[in-house]
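Residue numbers (the UniProt record's numbering): 1 to 348. Yeah, the Cβ is synthetic: ideal placement off N, Cα and C, and Gly gets one too. As the structure is a prediction and not an experimental result, all values here were calculated from the model. Shown next, in structure tokens, is the structure this report addresses.
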Ligand code: NAD
């Protein structure tokens, strides 16, 4: 038996789709837009402001990493009288839009500019006084997602790689999820196949439009995996390392993925076989390790600033609360995994 709940979002995908924003706003029956962005990526938000013209009632450029509640509250106050939210940026801008939707029920149009995938999930992570809390509600799912390949052309190469491996991790863990289903399996396999070929091509030539298009399509599919089925050891470990040790989100995913896969491989042989096939390689964990090794991307937790002395504590935290995973978690096993990720050694 399996269950599958479709995400009803309308997807607009292509090059130059930012120009479709005014029509998408009208389609929602809206006419007073709250336009959201972050402080660094202002170009596309400027362009959107220009094409939306007088429809923009309020512009708010304060989106910040990890969605601090005080920023959300400021944006909600600024949003009095608007009837639609348009957010342009990475997971941080998307997070702000979702946090506003949770409080106001305003419809959202999200224009993602990284491969993080948050736009396809009902999950919202927020920080209150420096503490991160996560909740899941269908209220935060966007009504419309506009993927514009043009906006990803300038995504810096290193961020493209780590954000892409972050997406790969969503697809990998979907295949051995306790909630796995045949629809999401196909999304995951296609996403893995696309990313394995697109990321090296983007590293070699960041302006390769075909590779950028493949990566963005893969990010959409991977985000759907993340939004639809429960994730396992890899995501929990990265959450612990980010939340308790302050490690950066996408970089941590990039370093840990191959090691978490090597740990889980004995418990998920069929998923690993399918992942290896999608990667066109004999073994899935080593293929992911070798892929990351060829990219301009970090390879060890040491490089990300984690102290070796913290590995025991991290393992303890990661096994503290039980969750579904294809292989049972042991303190020793997770500590060994973390040691390998810390030093960046290739899985056996
Ligand atoms: P981000 O949104 O913080 O962006 C990182 C940096 O890249 C920012 O400075 C941004 O301005 C810049 N940037 C973004 N797109 C760019 C582009 N096209 N060109 C040039 N610069 C660009 O980072 P992210 O990795 O997209 O998102 C991470 C956040 O999203 C984290 O807070 C994470 O927890 C959250 N997240 C949530 C979910 C979920 O389902 N709730 C899923 C994935 C990530």
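Separation of residue 177 from residue 105, as counted between CA atoms: Roughly 30 Å separates the two Cα atoms.
According to DSSP, residues forming a beta bridge with residue 14: Checking the DSSP bridge columns, you'll see residue 14 partnered with 148.
Cβ-heavy atom distance, residue 139 to the ligand NAD, below 8 Å: Incorrect: residue 139 has no Cβ contact closer than 8 Å to the ligand NAD.
Nearest-angstrom Cβ-Cβ length linking residue 297 and residue 94, presumed shorter than 8 Å: Rounded, the Cβ-Cβ distance is 22 Å, inconsistent with contact.
Contact test: residue 156 Cβ vs the ligand NAD heavy atom, cutoff 8 Å: Yes, the ligand NAD has a heavy atom inside 8 Å of this Cβ.
Cβ pair residue 214, residue 160 closer than 9 Å: Residue 160 sits away from residue 214, with the two beta carbons spaced by 9 Å or more.
Element boundaries [alpha helix (DSSP H), containing residue 186]: 182 to 204 is the span of the alpha helix (DSSP H), which, as asked, contains residue 186.
In DSSP terms, what residue 135 is bridged to: Bridge partners of residue 135: 124.
CA-to-CA distance, residue 173 to residue 97, given in whole angstroms: Cα to Cα, residue 97 sits roughly 26 Å from residue 173.
Cα-Cα separation, residue 286 to residue 165: Linking residue 286 to residue 165 through their CA atoms gives a straight-line distance of about 14 Å.
Beta-carbon separation (whole angstroms), residue 264 vs residue 326, contact threshold 8 Å: With a Cβ gap of about 5 Å, residue 264 and residue 326 count as contacting.
Presumed contact (8 Å Cβ cut-off) between residue 295 and residue 199, rounded CB distance: Contact flag correct, Cβ pair sits at about 6 Å.
Neighbour-count burial assignment, residue 126, 16 or more Cβ in a 10 Å radius: By the 16-neighbour rule on beta-carbons within 10 angstroms, residue 126 is buried.
Residue 226 in three-state terms, based on DSSP: Looking at residue 226 - three-state DSSP - the assignment turns out to be helix.
Counted within 10 angstroms of its Cβ, other Cβ atoms place residue 139 as buried (16 or more) or exposed: Classification of residue 139: exposed, given that the 10 Å Cβ count is below 16.
Nearest to residue 340 (by Cα), restricted to the options 290, 302, 210: Closest option to residue 340, judged by alpha-carbon separation, among 290, 302, 210: 302.
Delimiting residues of the alpha helix (DSSP H) encompassing residue 164: Its alpha helix (DSSP H) spans residues 157 to 175.
Cβ-heavy atom distance, residue 98 to the ligand NAD, below 8 Å: Taking 8 Å as the cut-off, the C-beta of residue 98 counts as close to a heavy atom of the ligand NAD.
For residue 313 and residue 243, believed in contact at Cβ under 8 Å, the rounded distance: Wrong, their Cβ atoms sit about 13 Å apart, outside the cutoff.
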